[in-house]
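For the sequence shown, position 159 (counting from the first letter as 1) is numbered 957 according to our numbering, and the numbering increases by one without interruption.
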Amino acid sequence: MAVRLLRRCVAWGVALACALAWPGLASGEGPRVVSSARYGVSVEAPGSWRLLEAPPGVVSVFAEAEPSRTRLELRASPQIPAGQRGAYVEALRHAIKEGGWSEEEAPRSIRYGALDGQELRFRGEGGLVLVVFAFYQEEMAYLLLGYLEPARLESLYERFQGVARTIALKGGQEP
């Protein structure tokens with residue numbers, strides 16, 4: 799189980815390292831709410847942000863108008879038992895750091911709406927800030943990733959928090 803968890807987190811790290819180069823743009827504005835029956839989650843799009851094409855394991859990707867590098871992603875990862883959540887977050891931290899990001903703060907417990915989880919913060923190339931909100935339901939792990947421009951960090955972090963509060967899980971969150 800630990801090997802599978804580590805492999806999954808290494809894959810996340812590779813995806814995070816490649817994320818800034820991923821073009822995958824969809825044309826036009828997307829819907830206000832994106833839902834996934836497969837992952838049992840929905841999230842509201844921020845204002846006029848664009849909805850981008852989402853790769854496998856990603857529920858939604860929202861981006862500001864170019865040339866901004868600011869983007870929010872909601873990801874889902876099945877088969878993370880409650881007893882493995884701490885190891886999952888540690889492996890995730892390691893994978894992100896291996897991808898070239900430096901950790902700015904230790905993980906902290908946080909609540910957005912009805913969701914309890916952990917928030918992590920990293921800094922990358924060009925000062926870009928990566929904020930990660932990790933939360934769970936049953937054996938499903940979810941990550942809201944915010945790639946935030948440093949010049950507008952405070953207002954973009956408020957936007958990140960607002961989007962986190964719109965996330966709804968089907969069936970209620972496991973304590």
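By construction, the Cβ of each residue, glycine as well, lies at the ideal position given by its N, Cα and C atoms. Just so we're clear, the structure is a prediction, and the values are computed from it rather than from any experiment.
Put simply, the stretch 883 to 893 does not touch the stretch 865 to 874. Fewer than three CB pairs are less than 8 Å apart. DSSP, read as helix, strand or coil, puts E842 in strand.
Remark: C-beta atoms of R963 and G915 do not approach each other more closely than 9 Å. Shown here, I965 sits in coil according to DSSP, grouped into three states, outside any helix or strand.
Membership of E923 in any alpha helix (DSSP H) is not indicated, and neither H nor E is assigned to it by DSSP.
Between A939 and F931, the C-beta spacing is not below 9 Å. Approximately 6 Å separates the beta-carbon atoms of L946 and V929; this is inside 8 Å, confirming the contact. Following the DSSP letters along the chain, one finds E871 inside the beta strand (DSSP E) bounded by residues R869 to P876. Around the C-beta of A835, fewer than 16 other C-beta atoms lie within 10 Å, and the residue is accordingly described as exposed. Here Y955 has V929 and L946 as same chain residues with Cβ atoms under 7 Å from its own Cβ, once five neighbours each way along the sequence are excluded. For a cut-off of 8 Å, the C-beta gap from P948 to L926 is around 7 Å, short enough to register as a contact. The Cβ-Cβ distance between V887 and P876 does not fall below 9 Å.
Comparing C-alpha distances from E896 to each of L872, E903, A885 and G922 shows the shortest one belongs to G922. Taking all protein chains in view, the Cβ of E862 is crowded by 16 or more other Cβ atoms within 10 Å, so the residue is classified as buried.
Secondary structure of S858 (DSSP, three-state): strand.
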